[in-house]
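Colleague: As given, the protein sequences belong to chains Z and R, one line each in that order.
In terms of my numbering, the first sequence opens at residue 10 and continues consecutively.
In terms of my numbering, the second sequence opens at residue 10 and continues consecutively.
Backbone N, C-alpha and C fix where the C-beta goes; we use that ideal spot for every residue, glycine too.
Note that this is a predicted model, so its numbers are computed, not measured.
Next up is a structure, given as C-alpha cells.
There are 2 protein chains.
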Amino acid sequence: MAEPPPPPQQVRFGIMGCATIARKVARAIMLAPNATIVAIGSRSLEKAVSFAKENGFPATAKVYGSYDAVLDDEEVDAVYIPLPTSLHVEWAVRAAQKKKHVLLEKPVALNVKELDAILAACESSGVQFMDGTMWMHHPRTARMKEVLSDPQQLGQIKTIHSAFSFAGGPEFLKNDIRTKPDLDSLGALGDLGWYCIRAILWAFDYELPKSVTAIADPEVNDSGVILSCGASLKWQEGGRTATFYCSFLTTMVMDLTVLGTNGNLHANDYVIPVNENDATFYMNRINRIANYAYSLGNPAREETIATDLPQEALMIKEFCDLVGGIQGNGANPEKKWGEISTKTQVVLDAVKASIDNGFKPVEVVY
Amino acid sequence: MAEPPPPPQQVRFGIMGCATIARKVARAIMLAPNATIVAIGSRSLEKAVSFAKENGFPATAKVYGSYDAVLDDEEVDAVYIPLPTSLHVEWAVRAAQKKKHVLLEKPVALNVKELDAILAACESSGVQFMDGTMWMHHPRTARMKEVLSDPQQLGQIKTIHSAFSFAGGPEFLKNDIRTKPDLDSLGALGDLGWYCIRAILWAFDYELPKSVTAIADPEVNDSGVILSCGASLKWQEGGRTATFYCSFLTTMVMDLTVLGTNGNLHANDYVIPVNENDATFYMNRINRIANYAYSLGNPAREETIATDLPQEALMIKEFCDLVGGIQGNGANPEKKWGEISTKTQVVLDAVKASIDNGFKPVEVVY
Numbered sequence: 010m011a012e013p014p015p016p017p018q019q020v021r022f023g024i025m026g027c028a029t030i031a032r033k034v035a036r037a038i039m040l041a042p043n044a045t046i047v048a049i050g051s052r053s054l055e056k057a058v059s060f061a062k063e064n065g066f067p068a069t070a071k072v073y074g075s076y077d078a079v080l081d082d083e084e085v086d087a088v089y090i091p092l093p094t095s096l097h098v099e100w101a102v103r104a105a106q107k108k109k110h111v112l113l114e115k116p117v118a119l120n121v122k123e124l125d126a127i128l129a130a131c132e133s134s135g136v137q138f139m140d141g142t143m144w145m146h147h148p149r150t151a152r153m154k155e156v157l158s159d160p161q162q163l164g165q166i167k168t169i170h171s172a173f174s175f176a177g178g179p180e181f182l183k184n185d186i187r188t189k190p191d192l193d194s195l196g197a198l199g200d201l202g203w204y205c206i207r208a209i210l211w212a213f214d215y216e217l218p219k220s221v222t223a224i225a226d227p228e229v230n231d232s233g234v235i236l237s238c239g240a241s242l243k244w245q246e247g248g249r250t251a252t253f254y255c256s257f258l259t260t261m262v263m264d265l266t267v268l269g270t271n272g273n274l275h276a277n278d279y280v281i282p283v284n285e286n287d288a289t290f291y292m293n294r295i296n297r298i299a300n301y302a303y304s305l306g307n308p309a310r311e312e313t314i315a316t317d318l319p320q321e322a323l324m325i326k327e328f329c330d331l332v333g334g335i336q337g338n339g340a341n342p343e344k345k346w347g348e349i350s351t352k353t354q355v356v357l358d359a360v361k362a363s364i365d366n367g368f369k370p371v372e373v374v375y
Numbered sequence: 010m011a012e013p014p015p016p017p018q019q020v021r022f023g024i025m026g027c028a029t030i031a032r033k034v035a036r037a038i039m040l041a042p043n044a045t046i047v048a049i050g051s052r053s054l055e056k057a058v059s060f061a062k063e064n065g066f067p068a069t070a071k072v073y074g075s076y077d078a079v080l081d082d083e084e085v086d087a088v089y090i091p092l093p094t095s096l097h098v099e100w101a102v103r104a105a106q107k108k109k110h111v112l113l114e115k116p117v118a119l120n121v122k123e124l125d126a127i128l129a130a131c132e133s134s135g136v137q138f139m140d141g142t143m144w145m146h147h148p149r150t151a152r153m154k155e156v157l158s159d160p161q162q163l164g165q166i167k168t169i170h171s172a173f174s175f176a177g178g179p180e181f182l183k184n185d186i187r188t189k190p191d192l193d194s195l196g197a198l199g200d201l202g203w204y205c206i207r208a209i210l211w212a213f214d215y216e217l218p219k220s221v222t223a224i225a226d227p228e229v230n231d232s233g234v235i236l237s238c239g240a241s242l243k244w245q246e247g248g249r250t251a252t253f254y255c256s257f258l259t260t261m262v263m264d265l266t267v268l269g270t271n272g273n274l275h276a277n278d279y280v281i282p283v284n285e286n287d288a289t290f291y292m293n294r295i296n297r298i299a300n301y302a303y304s305l306g307n308p309a310r311e312e313t314i315a316t317d318l319p320q321e322a323l324m325i326k327e328f329c330d331l332v333g334g335i336q337g338n339g340a341n342p343e344k345k346w347g348e349i350s351t352k353t354q355v356v357l358d359a360v361k362a363s364i365d366n367g368f369k370p371v372e373v374v375y
C-alpha cells in the first residue's frame with residue numbers, strides 16, 4: 010500500500026492583539042489544514058493568556074506581553090493583525106520589515122496613503138499581503154461571480170445596492186473601539202461600508218467608479234465618528250451606478266442586489282452567511298410582467314452553495330497557499346489582494362472626502 | 010326570514026382611453042361590488058368597440074368615439090383616466106367640471122402645478138379625487154404600516170431603499186408612450202419612480218423630505234426621456250434618509266426595504282404581488298450577530314396577508330365607497346388622497362429638478 014500523503018506544510022501564525030474578531034480568525038486558523046497558531050501577543054500578558062486558553066490554542070503556542078515579541082519570534086511565518094485601524098500602518102509595516110506575511114483586518118488603513126506604505130513594505134520584503142474580507146473566499150462568491158459574468162443570466166450590470174448594518178446598542182456606541190476617534194475614526198464607514206464598497210467593486214470587476222457622492226446626512230457621535238452613512242457611485246460609461254448604506258444604528262441587514270439587463274441577483278447575508286456549511290443567493294430573470302392584467306409570475310430561482318469549511322477558514326487556507334508557494338517554491342507574492350484592498354480604500358477615502366466637503370461629488374483618482 | 014341585504018349602490022364608471030393598464034382596471038371595476046362600467050370612450054370608436062368586447066364589458070356599456078362623449082353621459086358618475094400624462098390636466102379638469110369623480114392614473118401630472126389645477130377643479134365641483142396607485146389598497150400595506158408604526162417592532166425608521174424596474178425591451182423603448190417626450194416626458198421616473206417615492210413617503214407617514222438629490226447619471230433616450238434614474242432623500246431630523254432607483258433597462262424588481270432601530274422590513278413585490286390572493290413581507294429583528302465567532306442566527310420572519318379581491322379591485326372599492334358617501338349621504342370628498350398625490354408629485358418634481366440642475370440638492374418646498 011502507498012504511504013498516505015504527508016500533512017500539508019503548515020504556515021505558523023502569530024496573532025497580534027485580542028480583539029473580538031480575533032476569536033473567529035483564531036478558530037479559522039485552527040480549522041484550516043495548512044495553518045497553525047504558534048504565538049499570540051497583547052500589551053497585557055494576562056489578556057493574552059486568557060485569550061489563548063478561552064479559544065483552545067495548542068499547548069505549544071507561545072504567549073507574549075507585547076506585539077514586538079511576536080514579530081521577533083523566528084517561528085512565526087505570518088501575522089494576523091486585528092488591531093484598531095489607527096495602529097495598522099505602524100504594525101503592518103513593522104511586521105513586513107520583520108519578513109512576516111501580513112493578514113490585516115479591515116478597514117486596512119485610515120487612508121490609502123497609509124495602505125501604500127504597508128504594501129510598499131510588504132513588496133520590499135517579499136511577503137504576502139491580504140485583508141480580512143472573509144466573504145471573498147466563500148464558494149458562493151465564486152458562483153455568484155460566474156452568474157454575474159454570464160451575459161445570458163445577468164446581461165450588462167446597470168446598478169448595485171448594498172446595505173450592511175447592525176444596531177450596536179448603547180454600550181457598543183459608547184465603548185466599542187469602532188466608535189472612538191483615536192482608534193477607528195472611520196466608524197461605520199470603515200467597519201461596514203468597507204464591505205459594501207468591496208461588493209460593488211467586486212461585481213464591477215474592480216473597475217473604479219468615476220466619482221462618488223456621499224448621501225446627506227450621515228449620523229455621527231459626539232466625537233464626530235460616523236455611525237451611519239451612504240453614498241452613490243457612478244462609472245464612466247454604460248449608465249452604471251451603485252448606492253450603499255451602512256449603519257451601527259439599525260438592525261442587522263447584509264443586502265446585495267445587482268440589477269442587470271437580463272436578470273438580477275440578490276443575497277441577503279453576503280457578508281456572513283446565516284449557516285456555516287452553505288449559503289444562498291437568488292436570481293430573477295423575469296423581463297416583464299407576464300400578464301399586465303394579473304400578476305407577476307415566477308418567483309426567484311434560489312441557489313445554495315455548500316462549503317466544507319467556513320469562509321474565514323477558506324480565507325486562511327488561501328492566504329497560506331500563497332505563503333506556502335513563496336516559502337516552498339520561491340513564488341512571488343500574489344499582488345491581486347493588495348490591489349483589491351487599495352481600490353476599496355480609494356473609494357472609501359472618496360466617500361469620506363465627500364462627507365467632509367458637504368456631499369459634493371469627489372472624483373475617484375488613483 | 011329576513012330579506013337579503015340590497016345589493017350595494019354601484020358607482021357607474023366611464024373609462025377614458027384604451028391603454029393597456031385600463032384592461033386591468035376595467036376588470037377591477039367589474040370585480041368590485043360597488044362599481045360597474047357604463048361607458049368607454051376613445052378617439053377611435055373601433056378601438057373602443059374592440060376594447061369593450063375583449064375585456065368582457067357588460068352588454069349595456071356604451072361605446073363612444075370621443076372622451077367628451079363619456080363626460081357628457083349623465084349616467085357616468087365617475088371616470089377612470091388612463092391617458093398619457095401630458096393629457097391629464099386637460100381631461101381631469103374637464104371631467105371634474107362635468108361633476109365626474111376622478112380616478113386618475115399615475116403619474117398624476119407632469120408637475121405639481123398641473124396637479125394643483127386638477128385638485129382645484131375637483132374641490133370646486135365637490136368630486137372625489139384618487140390616483141391609481143394600487144398597492145396602497147392591499148391589506149398587506151395596512152399590515153406593514155402597523156408593523157412600521159410599532160416601536161417594539163421597527164423602532165425609529167432610519168433609512169428606506171426602494172427599487173422598481175422592468176426591462177422594457179427594444180419595442181417598448183422605441184414605441185411605448187412612456188418613452189415619448191410629448192406623451193410621458195417623465196419616463197421611468199414618472200412610471201416607476203412614482204411608486205418608489207410613494208412608498209418612501211408612506212413609510213415616513215407622508216412627512217416631506219427636506220431635500221432631494223438625484224443620483225448621477227440617469228440614462229435617457231434620444232429624445233431625452235428618462236430610462237433609468239435614482240435619488241437620495243433626506244429629512245430634517247433624526248438622520249432619516251432614503252434612496253431609490255427606477256429603470257426601464259433592468260429586469261423586474263419591486264423592492265422595498267425599511268431599516269429601523271429595532272427591526273427591519275422587506276417586501277420584494279410591493280407594487281404588484283406575485284399572487285393575487287395573498288402577499289408576503291419579511292421582518293427581521295436581529296440586533297447583533299448572535300455569536301460573533303460563528304454565524305448569523307435566525308432567519309427573517311415571514312408574514313403573508315390574504316385578500317379576497319386583487320388590490321386594484323380594492324382600490325376601486327375604496328374609491329366607490331367615498332363616491333357613494335358623497336352621493337348618498339352628502340359627505341365631503343376625502344382630501345387625503347389628493348394630498349398624498351400632491352406630496353408624491355412634489356418629491357418627483359424635486360428629483361426632476363435635481364437631474365436638470367446637474368444633480369445638486371433641491372430643497373423640497375410645498
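So, at 6 Å on beta carbons, what are the nonlocal neighbours of Val58(R) in its own chain, with the 5 sequence-adjacent residues on each side left out?
Modeller: Val72
Colleague: Which residue marks the beginning of the alpha helix (DSSP H) containing Ser59(R), and which one marks its end?
Modeller: Leu54 to Glu63
Colleague: Tell me whether Arg21(R) is buried or exposed, calling it buried when 16 or more other Cβ atoms sit within 10 Å of its Cβ.
Modeller: buried
Colleague: Taking the straight line between their C-alpha atoms, what separation do you get for Val111(Z) and Ala28(Z)?
Modeller: Cα to Cα, Val111(Z) sits roughly 17 Å from Ala28(Z).
Colleague: Within 7 Å: the Cβ of Ile364(R) and any heavy atom of the ligand NAD?
Modeller: Of the ligands one can find in the structure shown there are none, so the ligand NAD has no counterpart to examine.
Colleague: Spell out the partners DSSP gives Phe66(R) in its beta bridges.
Modeller: Answer is none; Phe66(R) lacks a bridge partner.
Colleague: Using the rule of at least 16 other Cβ atoms within 10 Å of the residue's Cβ for burial, across every protein chain shown, is Arg91(R) buried or exposed?
Modeller: A small correction: the amino acid at residue 91(R) is Pro; Arg does not occupy that position in the sequence shown. It is buried - the Cβ of Pro91(R) has at least 16 other Cβ atoms within 10 Å.
Colleague: How long is the line joining the alpha carbons of Gly196(Z) and Lys352(R), rounded to whole angstroms?
Modeller: 35 Å
Colleague: If I'm right that Asp264(R) touches Ala151(R) with Cβ under 8 Å, what's the distance once you round it to whole angstroms?
Modeller: Contact doesn't hold; Cβ gap of about 20 Å is too wide.
Colleague: Pull up the distance between the alpha-carbon of Gln161(R) and that of Asn271(R), whole angstroms please.
Modeller: The C-alpha of Gln161(R) lies about 7 Å from the C-alpha of Asn271(R).
Colleague: Rounded to whole angstroms, what is the Cα-Cα separation between Ile24(R) and Val356(Z)?
Modeller: 52 Å
Colleague: For Tyr73(R), report the span of its beta strand (DSSP E) as first-last.
Modeller: Lys71 to Tyr73
Colleague: From Gln19(Z) to Met324(Z), what distance separates their C-alpha atoms?
Modeller: 15 Å
Colleague: Which word fits Tyr279(Z), buried or exposed, when buried means at least 16 other C-beta atoms lie within 10 angstroms of its C-beta?
Modeller: So Tyr279(Z) ends up on the buried side.
Colleague: Quick check: the Cα distance between Ala302(R) and Glu343(R), rounded to an integer number of angstroms?
Modeller: The predicted model places Ala302(R) with a pLDDT of 46, which falls under 50 and marks its position as unreliable, so this point remains unresolved.
Colleague: I'd like to know if Glu228(R) contacts chain Z, where contact means its C-beta is closer than 8 Å to some C-beta of that chain.
Modeller: Closer than 8 Å to the CB of Glu228(R) there is at least one CB belonging to chain Z.
Colleague: Strictly below 8 Å CB to CB, what residues from chain R border Leu268(Z)?
Modeller: Ala172, Ser174, Tyr254, Ser256, Thr259, Thr260 and Val262
Colleague: For Arg149(R), go through chain Z and note every residue whose CB falls closer than 7 Å to its CB, in chain order.
Modeller: Chain-order list of chain Z residues neighbouring Arg149(R): empty, with the shortest C-beta distance near 14 Å, by a criterion of under 7 Å.
Colleague: In the structure shown, what three-state DSSP assignment does Glu327(Z) receive?
Modeller: helix
Colleague: Short check: CB of His97(Z) to CB of Ala130(Z), under 8 Å?
Modeller: no
Colleague: Can you name the residues of chain R whose CB is closer than 7 Å to the CB of Asn184(Z)?
Modeller: Result: empty, since nearest Cβ-Cβ is about 14 Å, beyond 7 Å.
Colleague: Strictly by DSSP, which residues pair up with Gly50(R)?
Modeller: Met25(R) and Tyr73(R)
Colleague: Anyone know if the C-beta pair for Thr222(Z) and Asn273(R) falls short of 8 Å?
Modeller: no
Colleague: Are the beta-carbon atoms belonging to Arg289(R) and Tyr204(R) less than 8 Å from one another?
Modeller: Going by the sequence as given, residue 289(R) is Thr instead of Arg. Not closer than 8 Å, so no.
Colleague: If you run the structure through DSSP and keep just helix, strand and coil, what is Ala302(R)?
Modeller: Bear in mind that the predicted position of Ala302(R) carries a pLDDT of just 46, short of 50, making it unreliable; the figure below should be weighed with that in mind. In the three-state DSSP reduction, Ala302(R) falls in the coil class, being neither helix nor strand.
Colleague: Counting only beta-carbon separations shorter than 8 Å, does Ala302(Z) have a partner in chain R?
Modeller: Per-residue confidence for Ala302(Z) stands at a pLDDT of 47, beneath the threshold of 50, marking its modelled position as unreliable; no derived number is given.
Colleague: What do you reckon, are the CB atoms on Leu198(R) and Ile169(R) nearer than 8 Å?
Modeller: no
Colleague: Beta-carbon of Ala197(Z) versus every beta-carbon of chain R: anything under 8 Å?
Modeller: With respect to chain R, the C-beta atom of Ala197(Z) has no partner C-beta closer than 8 Å.
Colleague: From the DSSP output, in three-state form, read off Thr250(Z) for me.
Modeller: Reduced to three states, the DSSP call for Thr250(Z) is strand.
Colleague: Curious, which full-length beta strand (DSSP E) runs of at least 3 residues does the stretch 108 to 167 of chain Z contain?
Modeller: 110 to 113 and 138 to 140
Colleague: Using a 10 Å radius around the Cβ and a threshold of 16 neighbouring Cβ atoms, would you call Glu84(Z) buried or exposed?
Modeller: exposed
Colleague: Name the one or two DSSP bridge partners that Arg310(R) has.
Modeller: Met292(R)
Colleague: Taking Cβ positions only, does Ser237(R) come closer than 8 Å to chain Z?
Modeller: For Ser237(R), the answer is yes, since a Cβ of chain Z falls inside 8 Å of its Cβ.
Colleague: From the DSSP output, in three-state form, read off Ala362(Z) for me.
Modeller: helix
Colleague: Do the stretch 37 to 56 of chain R and the stretch 311 to 330 of chain R make contact, defined as three or more Cβ pairs closer than 8 Å?
Modeller: yes
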